[in-house]
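Some notes on the structure that comes next.
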Amino acid sequence: MGVSEKIKEIEEEMKRTQKNKATEYHLGLLKGKLARLRAQLLEPTTTGAGAGTGFDVSKSGDARIALVGFPSVGKSTLLSKITKTKSEVAAYSFTTLTAIPGVLEYGGAEIQILDLPGIIEGASEGKGRGRQVISAAKTSDLIMMVLDATKKAEQRALLEAELEAVGIRLNRTPPNIYLKAKKAGGMKITFTSPPLYLSEKLISSILRDYKLLNCEVLVRDEAATVDDFIDVIMKDHRKYIKCLYVYNKIDCISLEHLDSLAREPHTAVMSCELDLGVMDVVDRAWEELALLRVYTKRKGVQPDFSEALIVRGGSTVGDVCDQVHRNLKESFRYALVWGKSAVHVPQRVGLGHSVCDEDVISIVTK
Ligand SMILES: Nc1nc2c(ncn2[C@@H]2O[C@H](COP(=O)(O)OP(=O)(O)OP(=O)(O)O)[C@@H](O)[C@H]2O)c(=O)[nH]1
Ligand SMILES: [Mg+2]
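Structure representation (structure tokens):
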């Protein structure tokens, strides 16, 4: 039996099994098996050429956004609107057949936007170009899930399920569970507080199934589920990515519907056709990326505000140094900071100081 068939079999069994206290343990084990098989399916070596590898587009700019969605929702229309790249637009499905990169210029940053082929249900199992699209999405800093506002609400959940199945976790952080494999000593499983959904028995059975016989587990979150635990075991196959849900074609829906969509979290609405809300979508994407613009300044000279250094949210002065020059940290003495991160201006800081958007920094070297 092939991996796909085994997956089908387990999925069938899970569907047949009623969810209740008595079956919880059995279902948990099945989930563990399923996660392992799905990861196998994505291994390029076991499933033949090209599987699990993305399109051959090199990363460029300060961040990458992937446009993911069903066919004909308006992904290419959006790319053509916000970048100088023209990607073919048509009323029929599967107009776009490969990854088309464009560059969005925003506040001094260059953001690569990847227009991808539409995906369909079953994409995670390799239907259509699904697997390639998903691999490309995995390499992005933000997924823009483009949805058709005129279509049924389920489309969003269907797409999410496809991304979930290949290990993409949207707008989530890794579970608060510590797991460390050991050479010997058996399993040591501890909970910081009584677990609501997990049990020592379930955890040890899943660990045995994964042949992790010697390890230490510390569950720090009482609300952690079996899915969370599996994510921790499979952490090399999991990717936590931010997602902005973008509903297009709002020119075709009622005001009430529009209002309810716009209120959902991580959601923006637009009409590419009427050029409505497109720039708001871009602003929202920028916020979600949480990139910071930092301006460097030489002593006695005004900073150049047309040349921003782009760093990730949470970056420190040390990260800024790395961005300027590979060896700059070695000769670093201190930095002077003007802006939101400074308690008084200029503030004299060290490498560990966290920077804020639009800070001005002067680096003083030995
Ligand atoms: N009514 C309406 N139609 C739109 C809007 N944006 C795009 N369309 C139309 O939707 C159709 C599909 O647009 P595309 O941009 O090709 O869609 P896609 O998501 O790239 O499709 P694939 O490449 O097949 O996955 C085209 O006929 C567009 O003119 C919009 O805001 N409102
Ligand atoms: Mg397209």
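Residue 366, in UniProt numbering, is where the sequence shown stops; the numbers in between run on with no holes. In this text, a Cβ means the ideal position worked out from N, Cα and C, and glycines have one as well.
Endpoints, beta strand (DSSP E) assigned at residue i
| i | result |
| --- | --- |
| residue 144 | 142 to 148 |
| residue 102 | 100 to 106 |
| residue 187 | 187 to 191 |
| residue 68 | 63 to 68 |
Buried versus exposed call for residue i [16 or more other C-beta atoms within 10 Å across all chains shown]
| i | result |
| --- | --- |
| residue 305 | exposed |
| residue 295 | buried |
| residue 132 | buried |
| residue 325 | exposed |
| residue 359 | buried |
| residue 349 | buried |
| residue 314 | exposed |
| residue 137 | buried |
| residue 275 | exposed |
| residue 48 | Summary for residue 48: the model assigns pLDDT 43, below 50, so the residue's position carries little reliability, and this model does not support an answer. |
| residue 192 | exposed |
| residue 112 | buried |
| residue 370 | In the structure as shown, the chain starts at 1 and stops at 366, and residue 370 therefore has no counterpart that could be examined. |
| residue 353 | buried |
| residue 282 | buried |
| residue 67 | buried |
| residue 20 | exposed |
| residue 75 | buried |
| residue 60 | exposed |
| residue 265 | exposed |
| residue 28 | buried |
| residue 45 | Residue confidence is low: residue 45 scores 49 on pLDDT, short of 50, so the model does not pin down where it sits. No coordinate-derived value is stated. |
| residue 252 | exposed |
| residue 343 | exposed |
| residue 102 | buried |
| residue 255 | exposed |
| residue 184 | exposed |
| residue 1 | exposed |
| residue 146 | buried |
| residue 301 | exposed |
Same chain, Cβ closer than 6 Å to residue i, five either side skipped, listed in chain order
| i | result |
| --- | --- |
| residue 32 | 206, 209, 230 |
| residue 328 | 321 |
| residue 363 | 335 |
| residue 72 | 93 |
| residue 148 | 73, 249 |
| residue 345 | 338 |
| residue 86 | 80 |
| residue 7 | 37 |
Own chain, CB closer than 8 Å to residue i, minus 5 neighbours either side, in chain order
| i | result |
| --- | --- |
| residue 141 | 63, 64, 65, 241, 242, 289 |
| residue 234 | 35, 36, 39, 167 |
| residue 169 | 231, 238, 239, 240, 241 |
| residue 13 | 30 |
| residue 214 | 181, 182, 183, 184, 185, 186, 187 |
| residue 225 | 197, 198 |
Cβ of residue i within 8 Å of any chain B Cβ
| i | result |
| --- | --- |
| residue 150 | Any reference to chain B falls outside this structure, which holds one protein chain only. |
Cutoff 7 Å; reference residue i; Cβ partners in own chain excluding five residues on either side
| i | result |
| --- | --- |
| residue 323 | 309, 311 |
| residue 26 | 17 |
| residue 203 | 189, 217, 229 |
| residue 332 | 321, 351, 363, 365 |
| residue 356 | 292, 339, 340, 341 |
| residue 285 | 65, 142, 144, 244 |
Residue range of the unbroken alpha helix (DSSP H) whose run includes residue i
| i | result |
| --- | --- |
| residue 35 | 24 to 42 |
| residue 77 | 75 to 82 |
| residue 8 | 3 to 16 |
| residue 204 | 200 to 209 |
Three CB pairs or more closer than 8 Å across the stretch 197 to 213 and the stretch 152 to 169: No: the two stretches stay apart, fewer than three of their Cβ pairs being nearer than 8 Å.
To test your reading of the DSSP string, which unbroken alpha helix (DSSP H) runs of 4 or more residues are found completely within the stretch 214 to 288? 226 to 233, 255 to 262
Are at least three pairs of beta-carbons, each pair with one atom in the stretch 169 to 184 and one in the stretch 219 to 235, less than 8 Å apart? yes
Going along the chain, which unbroken runs of the beta strand (DSSP E) with 3 or more residues stay wholly within the stretch 107 to 181? Segments of the beta strand (DSSP E) lying fully in the stretch 107 to 181: 109 to 115, 142 to 148, 168 to 170, 177 to 181.
Is the stretch 104 to 112 touching the stretch 120 to 132 in the sense that three or more CB pairs, one from each, lie closer than 8 Å? no
Those runs of the beta strand (DSSP E) which lie wholly inside the UniProt domain "TGS" (290 to 365) and span at least 3 residues: 291 to 296, 309 to 312, 332 to 338, 347 to 349, 359 to 365
Which residues end up in the neighbourhood of ligand 3 when you take C-beta atoms closer than 6 Å to any of its heavy atoms? Summarising the ligand content, the structure contains ligand 1 and ligand 2 and does not contain ligand 3.
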